[in-house]
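**Student:**
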Amino acid sequence: MPARPSYYERHVFFCLNRRDDGAACCCDHDAEGMFEYAKKQVKKLGMNGKGKVRVNRAGCFDRCDEGPLLVVYPEAIWYTFVDKEDIDEIIESHLKQGKVVERLQV
Ligand code: FES
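So our numbering is basically just the index in the sequence shown, starting at one, shifted up by 510.
#1: Taking D596 as the reference, which of V582, Q607, A513, R613 has the closest Cα?
#2: Check the DSSP bridge columns for N558 and list the partner residues they point to.
#3: Taking only three categories from DSSP, how would you classify V611?
#4: G532: which of M511, W588, C574 sits nearest, CA to CA?
#5: Could you pull the DSSP bridge partners for H521 from this structure?
#6: Candidates R514, K554, V616, Y517: which alpha carbon is nearest P578's?
#7: How would you write the range of the alpha helix (DSSP H) that D540 sits in, first residue to last?
#8: Which residue wins for smallest C-alpha separation from K594, given the options V565, Q607, G561, Y547?
#9: Whole angstroms is fine: what's the gap from C537's alpha carbon to K562's?
#10: Flag F523 as yes when its Cβ comes closer than 7 Å to any non-hydrogen atom of ligand 1, and as no otherwise.
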């Protein structure tokens, strides 16, 4: 039986876990703000929806010391990011052209 095509071409998950006990967490690094920015940009560029890109929130990936983190499927590429420019580069390079942004990979 042939494999079904993916519902989304690329599916992006942001860790938005917050810890209140002082331990490292992605929300210490504005993960929530970058998630909202990524969603907005993907929509603005007309890249969101079936057969295209979906940006979702996720819980802890258990790599907290390396955060903030997002992961892009189906390639299962992990990224960290600092600012909107990093998010723009992931969108432009990986989500649009399928080219991994090696400098942000973890
Ligand atoms: S808090 Fe983000 S990986 Fe654990």
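By construction, the Cβ of each residue, glycine as well, lies at the ideal position given by its N, Cα and C atoms.
**Tutor:** Once the coordinates are examined:
#1: Out of V582, Q607, A513, R613, R613 has the C-alpha closest to the C-alpha of D596.
#2: V563
#3: coil
#4: C574
#5: Paired residues: R564, Y583.
#6: V616
#7: Run containing D540: none; DSSP gives neither H nor E here.
#8: Y547
#9: 27 Å
#10: no
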